[in-house]
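The next block holds one structure in the form of structure tokens; read it before the comments.
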Amino acid sequence: MSIKISWLSNGHVVHGYRKVFVIYDGDDLLKGVVAYAPMGYEQVYRVLELAQSRSDYEGVDIDPALLWGLSLLVQQLEKNKDFFTDDGYQKQRPLPLDAGELLGASLFRDALHRGTLVLPSRFGI
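Add 249 to the 1-based position in the sequence shown for this note's numbering, that's all there is to it.
Dropping the structure here:
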């Protein structure tokens, strides 16, 4: 069963952003909410630079906070499908990424177009 990830617009916190993601299973049942904060301005700009250094991101309208958050969330889901807390809410300090750890440009572009990131069944939660 696939999962769907939607997001809220950037929230602002002291010296950075907060990005909130809402995760649904393939039946559109709410599975959890993940908030990444603080996403420091310098780190967000670094993610933009990393994406711009990759040829596959050429011509993509990049929201670096969204790209960073989605990339982190996909990594977490790949490593541990049961990372949700009992109440389904996670608040985490985001970790820095390398260019190779960013979400693929085609997947990111599709998520921007749909307004939702749809992950295949291997991510089923």
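Using N, Cα and C, we set each Cβ at its ideal position, and we do this for glycine too.
Nearest-angstrom Cα separation, counted from residue j out to residue i
i	j	result
Leu315	Met250	24 Å
Asp336	Asp274	16 Å
Arg358	Tyr285	21 Å
Leu346	Trp317	8 Å
Coil, strand or helix - residue i by DSSP
i	result
His264	coil
Pro369	coil
Ser251	coil
Beta-carbon spacing of residue i, residue j below 7 Å
i	j	result
Val309	Ala354	yes
Tyr294	Gly265	no
Leu299	Ala360	no
Identified DSSP bridge partners for residue i
i	result
Gly281	Ile272
Gln341	Tyr285
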